[in-house]
Amino acid sequence: MHGLAVIHGDPTLSVGSREAWFATRTPDGPGTLHLTFSDGFVHAEAFGPGADWLMARADAVAGLRDDLTGFPELARRHPLVARLAHEHAGLRMGATGRIFHHLVPAILYQKVTGIEAQQGYRKVLRHFTTEPAPGPFARLRLPPDPEAVAATPYWVFHPFGIEQKRAETLRRAAAQAAALERSPDATAATARLVSIRGIGPWTAAEVTRVAFGDPDAVSVGDYHLKNVVAYALTGAARGTDEHMLELLAPYAGHRGRVCTLFAAAGIGAPRFGPRMPLRSFARF
């Protein structure tokens, strides 16, 4: 279940070294999936009206449907990628099958710091999800119901630290949630996502990576990723999106997997210069 959280500390998830919990809204209703890992096996149990739906794709959520075909050969094109692929051989990309669930934090993460996004996301969840997530894990929260979000005026989001632009994007996405969830694959989902005003390649990639386990999803426009890729593959402290895509081109089909390996290894570019400022829209 590597990397299923778009925002650090996502209250709909709890992932440890030996177990994981995931609460979501399925086509059959709210549900919670509990996975435990022991002796080379994954054990699953689920709770709530959405339990059967979650059990049917528990292996995908756990990353067991992740297809690494062709990646070992591609990884050998760079010594660092080859080493990380060996050191993190058990890393698998999970696929939850839920789009709007991950679209909410991705939109709230647009053009703000991680702290701002996390604070806004937690406030949105508290406002829209009053019912507890099914199952015994009391701290888990369900994602918001898209119909409720679509019907909420943008100014209601201001006390959560979310300005009109992101609030309106979230409302438009919520209105299209049913169509988005019918997307059969990452390619179709990306096309539908970027057709919504306010959603671009970065947001689409953040969503398809976790909803579909898309190994090729690259978050173009990310504040840090272009620098991480440039530093990891060339030693340069800074890069551009264009250069990042050039560097990742040899790994087509698994470009996102390479980025995931860098993240798993804790690789970061040297930091210097001003940090993004924290802002508050709560009193606007």
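Just so we're aligned: 188 in full-length UniProt numbering is position 188 of the sequence shown, and the numbers increase by one with no gaps anywhere. From the three backbone atoms N, C-alpha and C, an ideal C-beta is built for every residue, glycine too.
Residue i: first and last residue of the uninterrupted beta strand (DSSP E) it sits in
{"i": "Phe-100", "result": "Not the beta strand (DSSP E): Phe-100 falls in the alpha helix (DSSP H), residues 100-108."}
Delimiting residues of the alpha helix (DSSP H) encompassing residue i
{"i": "Gly-114", "result": "114-128"}
{"i": "Phe-262", "result": "255-264"}
{"i": "Glu-147", "result": "146-150"}
{"i": "His-86", "result": "79-87"}
{"i": "Gln-176", "result": "That residue, Gln-176, is in no alpha helix (DSSP H); it is neither H nor E in DSSP."}
{"i": "Arg-192", "result": "186-194"}
{"i": "Ala-205", "result": "201-211"}
{"i": "Glu-73", "result": "71-75"}
{"i": "Asp-241", "result": "241-248"}
{"i": "Val-61", "result": "58-61"}
{"i": "Val-156", "result": "Premise fails: Val-156 is in no alpha helix (DSSP H) and is neither H nor E."}
{"i": "Leu-225", "result": "225-234"}
Residue i versus the options, residue with shortest Cα-Cα distance
{"i": "Thr-187", "options": "Ala-151, Pro-153, Phe-212 and Ile-199", "result": "Phe-212"}
{"i": "Ala-150", "options": "His-158, Arg-172 and Ala-237", "result": "Arg-172"}
{"i": "Leu-103", "options": "Val-42, Arg-65, Glu-116 and Ala-5", "result": "Ala-5"}
{"i": "Ala-217", "options": "His-158, Val-207 and Gln-164", "result": "Val-207"}
{"i": "residue 285", "options": "Arg-141, Gln-118, Asp-28 and Leu-193", "result": "Because the chain is modelled from 1 through 284, residue 285 falls outside the range shown and cannot be assessed."}
{"i": "Leu-240", "options": "Gly-253, Leu-225, Ala-232 and Ala-252", "result": "Here residue 240 is Thr; the residue named in the question, Leu, does not match the sequence. Out of Gly-253, Leu-225, Ala-232 and Ala-252, Leu-225 has the C-alpha closest to the C-alpha of Thr-240."}
{"i": "Ala-20", "options": "Pro-27, Thr-26, Glu-45 and Ile-7", "result": "Glu-45"}
{"i": "Met-199", "options": "Arg-271, Leu-108, Val-228 and Ala-252", "result": "Per the sequence presented here, residue 199 reads as Ile, with Met not at that position. Answer by Cα proximity: Leu-108."}
{"i": "Thr-32", "options": "Arg-257, Glu-181 and Val-61", "result": "Val-61"}
{"i": "Gly-253", "options": "Ala-148, Arg-209 and Asp-222", "result": "Arg-209"}
{"i": "Ala-82", "options": "Asp-66, Tyr-251, Asp-214 and Thr-26", "result": "Tyr-251"}
{"i": "Gly-9", "options": "Tyr-121, Glu-168 and Pro-201", "result": "Tyr-121"}
{"i": "Thr-152", "options": "Val-124, Arg-141, Leu-142 and Phe-100", "result": "Val-124"}
{"i": "Val-229", "options": "Thr-260, Val-42 and Arg-25", "result": "Thr-260"}
{"i": "Arg-197", "options": "Tyr-223, Pro-184 and Ala-167", "result": "Ala-167"}
{"i": "Ser-219", "options": "Arg-76, Arg-98, Ala-106 and Pro-27", "result": "Ala-106"}
{"i": "Gly-16", "options": "Arg-257, Thr-26 and His-34", "result": "His-34"}
{"i": "Arg-98", "options": "Pro-201, Thr-24, Ala-236 and Asp-222", "result": "Thr-24"}
{"i": "Thr-96", "options": "Asn-227, Glu-181 and Arg-192", "result": "Glu-181"}
{"i": "Phe-100", "options": "Gly-221, Thr-26, Val-258 and Ser-14", "result": "Thr-26"}
Environment of residue i [buried if 16+ CB atoms lie within 10 Å]
{"i": "Thr-36", "result": "exposed"}
{"i": "Gly-268", "result": "exposed"}
{"i": "Gly-3", "result": "buried"}
{"i": "Trp-53", "result": "buried"}
{"i": "Gly-114", "result": "exposed"}
{"i": "Thr-234", "result": "exposed"}
{"i": "Arg-111", "result": "Residue 111 is actually Lys in this sequence, not Arg. When all chains shown are included, Lys-111 counts as exposed."}
{"i": "Ala-249", "result": "exposed"}
{"i": "Leu-64", "result": "exposed"}
{"i": "Leu-238", "result": "Reading off the sequence shown, one finds Arg at residue 238, where the question assumed Leu. Under this definition Arg-238 is an exposed residue."}
{"i": "Arg-283", "result": "Because the pLDDT at Arg-283 is just 47, under 50, the model does not fix this residue reliably, and the point stays unresolved."}
{"i": "Gly-29", "result": "exposed"}
{"i": "Val-194", "result": "exposed"}
{"i": "Glu-147", "result": "exposed"}
{"i": "Arg-255", "result": "buried"}
{"i": "Thr-12", "result": "buried"}
{"i": "Arg-271", "result": "exposed"}
{"i": "Ala-138", "result": "exposed"}
{"i": "Ser-38", "result": "exposed"}
{"i": "Arg-92", "result": "buried"}
{"i": "Trp-202", "result": "buried"}
{"i": "Arg-40", "result": "The residue you asked about is not Arg; residue 40 is Gly in the sequence shown. It counts as exposed."}
{"i": "Leu-278", "result": "Confidence at Leu-278 is low in this model, with a pLDDT of 46, below 50, so its placement is unreliable and no value can be given for it."}
{"i": "Ala-178", "result": "exposed"}
{"i": "Arg-126", "result": "exposed"}
{"i": "Asp-185", "result": "exposed"}
{"i": "Asp-67", "result": "exposed"}
Residues bridged to residue i (per DSSP)
{"i": "His-34", "result": "Trp-21 and Glu-45"}
{"i": "Val-15", "result": "Ala-20"}
{"i": "Gly-29", "result": "Thr-26"}
Proximity test, residue i beta-carbon vs the ligand GTP heavy atom, cut-off 6 Å
{"i": "Ala-173", "result": "What this structure holds is no ligand at all, so the ligand GTP is not there to describe."}
Original post:
Quick check: the segment 123-138 against the segment 70-86, are there 3 or more CB pairs under 8 Å?
Top reply: no
Original post:
Are at least three pairs of beta-carbons, each pair with one atom in the segment 76-88 and one in the segment 257-272, less than 8 Å apart?
Top reply: yes
**OP:** Count the C-beta pairs between the segment 230-246 and the segment 50-64 that are closer than 8 Å, then say yes if the count reaches three, no if not.
**Re:** no
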